[in-house]
Structure formats: structure tokens, C-alpha cells
Amino acid sequence: MIPCLCGSAPCLLCRCCPSGNNSTVTRLIYAFFMLLGVGIACIMLMPGMEEHLKKIPGFCEGGMGSSIPGVKGHVNCDVLVGYKAVYRVCFGMAMFFLLFSLIMVKVKSSQDPRASVHNGFWFFKFAAATAITVGAFFIPEGPFTTVWFYIGMAGAFCFILIQLVLLIDFAHSWNESWVEKMDEGNSRCWYAALLSATTINYALSLISLVLFYVYYTHSDGCTENKVFISINMLLCVGASVLSVLPKIQESQPRSGLLQSSIVTLYTMYLTWSAMTNEPDRRCNPSLLGIIGLNSTTPAGQDRVVQWWDAQGIVGLILFLMCVLYSSIRNSSNSQVNKLTLTSDESALIEDGPAPENFEEGDGTNRAIDNEKDGVTYSYSFFHFMLFLASLYIMMTLTNWYSPDANYQTMTSKWPSVWVKITSSWICISLYVWTLVAPLVLTNRDFD
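Here's what the structure looks like:
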């Protein structure tokens, strides 16, 4: 393993693991880097960590009530120190992946010297990521937190769009796989499975819709929530009806309600996520309060950010699924390859089955270099996606909260609400486009 960690040699795999392609192993290791950073960021928000974080020179000097350079008034360190730590951990991850995204521009094959840096030297890359993250804790406060909040919001919005593409790709792939098995044999069993999955998704969406109207709206207020819920409900119904129209079925015989149900359920999640960031607490009850536990906050005070809030947990689960799916997804025959592959199709090869071991019977499994003739995904875009993922996880763990005017606590802002609700509309629009594109662009082959 030493040549793999400190050089460009192919990584050894455990004996229970089959030999895999270098393209897949590399993406999984970078995903592990990301997940390790997420774990550290979560630790920063755990109770009791504030006492250790305040010991960092200049980070929150003097404890509660001390001033931060460039900020008027005083700072409640007990509230903000974990929040600031998450920003700096994610800043370190984001800068690491952004640097590699710039370095890996226009890499066409593993013969490029930069490819060996991308696929090896793991010890040095881990040390570099650690150094950048540790150095981020010594960045002078000034306007850093506020500026990084808005950069994080923009990057998280872009990552949500990537999530949408991955979600639609997953929905189409799922439906195509089950329809193929239904055509091959035992059609009743697979048809029942397809119908059950679709019914469950729509049932969960309907239950969510009812709960939204019950808990996130009031007869004498919460107009914005009423509008958001109603518009998204109508858009989801329209997309579902559109997916089964005869003209759509003619151009895309495998288009169906399973994809629509997945998009509908995800749209309900985005709607709920947007409403949980609404500044008006009367229209934004906590989940613990909804289920009857005492989690109310005294009037006039803002809830302190906690990464274990329901919205944060669901966001983390979706994030993990997205990163792992993009890491193990074969690039061939994928809807998402428009984003993850290079633009020069002549330089691409398919992620085919893994070759045999280098040496028969040597008892070791190695990651095989399957990109000598061309890369199977864009190195630069993959790192850029992880850069955006770092910003998304930063906003998720801090619930998209921003420091208030006096830096005393964290408050929800309307821009974060509009970012999420806009992404829900883009989600539905993108799915509808996948349905109508063959009818609009008649000269293009969509097979």
C-alpha cells in the first residue's frame, strides 16, 4: 500500500473485494475524504466542543462577550463558535477540491502526468487537505463568515441542481431496469413491485402535503407557505399527468409514473426544507414540537443551530446517497454523463467489467487502470462537484442560518427559502424537459 499512498501505483484491494477499475476506486476514495470531512464538521457542533474551540488563538478570544475584529458589538461565542468551526472545516474541504478541479482541467487519459496525481499520492493529498483545513481556523474573522455564507448559498444551490440530475437519472434507470425484467419474464411480480413503489412514493407525497397544510399554515397568516405548497402540488400533478400522455408514451415508451412519483416526493422534501428556513417561527414549527415534545424557544429568541435537526438529517442522507451514487455509477448509458463526462466523446471509453488480476494466483486484488485510452469521467468536473458538495454540507449542517446584525445568534433568512423553493421548480421543469425534449428536438437521437 505504500506505493499507492505515496506514489502513483494502483491501490491494493482487500481479498474479499473483487478487482475494480481505477476510475471507480479513485472516486470512492475521494468520497471517503468528503465523508471524513463531514464527520469532523458534525463533531464541531456537538455539545461541549465550544469550550475546546474557544482555546484556538483569535478564534473566539476571551470567550463570551469578546469582540471580533471588524464586527461591531460583542459576540456570543457559546452560540457561534461551533457554527464558525463548521464554516472553516468546509472551507478547507472546498478549497482542496477546487484546487484539484483547476489542476485537472482537460485531462484526457491516464497517460497525462496529472492523472497520476489524481489517482495516487493519497498520503500527500490527505496531508494537504488537513493543512488547508487547520489553516482555515486561523483566518481573521472580519467579514469572512458573512461572505462565505453567501458563497455557500450559491454553491449549495448549484449542488442541489446536480442532485436533481442524479435523481432523474436514478429514476429513469430504476424504471428501465424493472421494465426490462418485466419483459424478460415473471411480469406479474415485477409489475406488482413497480406499482407498489409508485404507490408508496405518491402516498408519502400526499401525507406530506396534508401535514404541510396542517402545521406550516394558519388561517390568518403564512401566505407564502400556502402559495409554495399549492404551486408545487399543481406542478407535480401536471408533471405526473404529462408523463402518461399518449404522445409522451409514443416517444418514450418507458416513461411512467415511477419517475414522476420520485420527482414528486423529492419536490415535497424541497418544499418542506424551504419552509423550515422561513424566518417567521409561527409558520416554521420544529419537528420535535410537531410530534409533541417540548422544544419550544422563548418568544423573541432564535433557535440555536443543531446538525441533528430533522431537516439536517434528511439533507445528510440525500447528500450521502448522491455522493456515493455519483462515485459508483457506471458512466456508460447514463443520463448524467452529460455532466460527468468530458465533452470530447472520442476520448471516452466505457466503464466496462473489471479485468482479471495482474498476476494469476498472487492473492492480491488491484485497481486496474481502465483509462489509458480515455477517461471515463471528467476529473475536473468531479472535483468541482465535490467543491459544491462541501458548500452544500456546510449550509445543511448550519440549517442555512446566517449571523444576525450583531453577531449574537443565527437567524433564518428569506434568500435561503427562495433558493430551495426555486430549486424545487427547477426540479420539476428539468423532469418535464426530459419528457418533452424528444417531441421538441425531433432531429436529435435520444436512444
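Residues are numbered in our numbering as their position in the sequence shown, beginning at 1, plus a constant of 31.
For glycine and all other residues, C-beta sits at the position ideal for the given N, C-alpha and C.
Considering only C-alpha positions, which residue in the set the options is nearest to residue i?
i	options	result
residue 55	309, 453 and 357	357
residue 152	313, 61, 168 and 406	61
residue 116	72, 448 and 306	72
residue 448	316, 307, 423 and 206	307
residue 120	148, 70, 230 and 223	70
residue 77	148, 64 and 112	112
residue 290	57, 452, 458 and 301	458
residue 160	274, 470 and 124	124
residue 406	142, 452 and 154	142
residue 284	452, 469, 58 and 416	469
residue 424	287, 168, 156 and 194	194
residue 75	58, 267, 118 and 456	118
residue 52	399, 474 and 460	399
residue 472	282, 453, 175 and 404	282
Based on the DSSP secondary-structure assignment, which residues constitute the bridge partners of residue i?
i	result
residue 399	52
residue 503	What the structure shows of the chain is the stretch from 32 to 478, and residue 503 is not part of that stretch, so it cannot be assessed.
What is the DSSP secondary structure of residue i, reduced to helix, strand or coil?
i	result
residue 346	helix
residue 252	strand
residue 431	coil
residue 295	helix
residue 11	Any property of residue 11 remains undetermined from this structure, which presents the chain solely from 32 to 478.
residue 316	coil
residue 471	helix
residue 170	coil
residue 409	coil
residue 311	coil
residue 462	helix
residue 152	coil
residue 205	helix
residue 216	coil
residue 404	coil
residue 300	helix
residue 136	coil
With residue i and residue j assumed to form a contact (beta carbons below 8 Å), what rounded beta-carbon distance in angstroms separates them?
i	j	result
residue 413	residue 129	That pair is no contact at about 12 Å.
residue 135	residue 410	4 Å
residue 355	residue 427	In fact, because the Cβ distance is near 16 Å, the residues do not count as touching under 8 Å.
residue 343	residue 430	6 Å
residue 184	residue 236	Incorrect: roughly 27 Å between the Cβ atoms, too far for contact.
residue 316	residue 246	6 Å
residue 279	residue 273	6 Å
residue 304	residue 451	5 Å
residue 302	residue 455	6 Å
Between the stretch 211-231 and the stretch 458-476, do at least 3 Cβ pairs fall closer than 8 Å? no
Stretch pair the stretch 225-236 + the stretch 291-306: three plus CB contacts closer than 8 Å: yes
Count the C-beta pairs between the stretch 137-149 and the stretch 175-192 that are closer than 8 Å, then say yes if the count reaches three, no if not. no
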